[in-house]
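Below is one structure, written out as structure tokens, with a few remarks after it.
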Amino acid sequence: MERRFFALSADMYVKGRWYLSDPVDSEGAEIDDIWQFTEGRPLETQEPLRIPIQRPGEPLDIEFAGAGKAPVVSERVAAVFREQASDDVQLFPICVDGRAEPYFILNAVRTLRCIDEAACREVQHFTADEEMFAERAGQYRYVGGLRIDKSKVGGVRVFRLWGWPLPLIVDEEVKEALEANGIFGGKFEEV
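Numbering follows my numbering, in which position 153 of the sequence shown is assigned residue number 161; successive positions increment by one, without gaps.
Structural data, given as structure tokens:
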């Protein structure tokens, strides 16, 4: 049986949901790189981080915080990732303003070059001619109808995509474990 994979994202249609801001340090200062949690590489954090609430509302089990889209997960979701994909993720404890229960930033530590361009609906690349984006030449400007080449995934269960880092990809077993634990606020789209 062929493995299936899904992009995990926040369900923007949850009524009254909260919105979280980018992580800050313990003094409330912005961290140097808000995008580091979407780069698909192991990280070291220097100090505890906290997450301000941008708009109060119903807490979600998974949210992608602020402009940097750092995955913020509840203890229940963190437990699934610890059990199902401990080699593929890091979990950094954080404080969410006004909340007593534990939350974590989830960092996928692997990036795979596995987008199946021929199977996607539309693919656009950055080019070397674009002065503003020359350092991103060859990476993806846009991917519509994302599909991956599953033969390039190997045994990895959670990962980011080379050149198109925003989607957090999980395998079917991780997806099913999250659903069985009643994840609130997450949605899955097969890739």
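The C-beta atom is built at its ideal place from N, Cα and C for all residues, glycine as well.
Beta-carbon within less than 8 Å of Glu47's beta-carbon, same chain only, minus the 5 sequence neighbours each way: which residues are those? Walking along the sequence shown from the start, residue 47 turns up at place 39. Only Thr119, Arg168 and Pro173 meet the Cβ criterion.
Cut-off 8 Å between Cβ atoms - residues of its own chain near Val32, not counting five sequence neighbours on either side: One-based indexing of the sequence shown puts residue 32 at position 24. Glu38, Ile39, Leu57, Arg58, Ile59 and Pro60.
Exposed or buried, what is Phe141 when buried is set at 16 or more other beta-carbons lying within 10 Å of its beta-carbon? Against the sequence shown, residue 141 aligns to sequence position 133. By the 10 Å Cβ count, Phe141 comes out exposed.
Measuring CB atoms only, is the stretch 98-114 touching the stretch 78-86, in the sense that at least three cross pairs come out at less than 8 Å? yes
Could you give the DSSP three-state label for Lys1: helix, strand or coil? With the chain covering only 9 through 199, there is no way to say anything about residue 1.
Mind checking Gln132: buried by the 16 CB within 10 Å criterion, or exposed? The residue labelled residue 132 in the question sits at position 124 within the sequence shown. So Gln132 counts as exposed.
Could you tell me which residues DSSP pairs with Trp172 in its beta bridges? To locate residue 172, count along the sequence shown from 1; it is residue 164. Bridge partners of Trp172: Leu169.
How many angstroms separate the CA atom of Val166 from the CA atom of Gly190? Taking the sequence shown and counting its residues from 1, the one referred to as residue 166 is at position 158. Taking the sequence shown and counting its residues from 1, the one referred to as residue 190 is at position 182. About 19 Å.
Would you kindly check if the distance between the Cβ of Phe196 and the Cβ of Leu68 is under 8 Å? What you label residue 68 is simply residue 60 of the sequence shown in a count that begins at 1. What you label residue 196 is simply residue 188 of the sequence shown in a count that begins at 1. Not a contact, by the Cβ cut-off of 8 Å.
For Leu154 and Cys128, what's the separation of their Cα atoms in angstroms? Here residue 154 corresponds to residue number 146 of the sequence shown, with the count starting at 1. Here residue 128 corresponds to residue number 120 of the sequence shown, with the count starting at 1. Rounded to the nearest angstrom, the two C-alpha atoms are 5 Å apart.
Pairwise C-alpha distance: Glu66 and Arg11: Within the sequence shown, residue 11 is the residue found at index 3, counting from 1. Within the sequence shown, residue 66 is the residue found at index 58, counting from 1. Taking the straight line from one Cα to the other gives about 34 Å.
Could you pull the start and end residues of the alpha helix (DSSP H) that Phe141 belongs to? By 1-based counting over the sequence shown, the position of residue 141 is 133. Segment: none, Phe141 is in no alpha helix (DSSP H) and carries neither H nor E.
Pick helix, strand or coil for Ser34, following the three-state DSSP scheme. One-based indexing of the sequence shown puts residue 34 at position 26. Correct three-state label for Ser34: coil.
Which class does Glu71 belong to by DSSP, given the choice of helix, strand or coil? The residue you call residue 71 lines up with position 63 of the sequence shown. Of the three classes helix, strand and coil, the one that applies to Glu71 here is strand, per DSSP.
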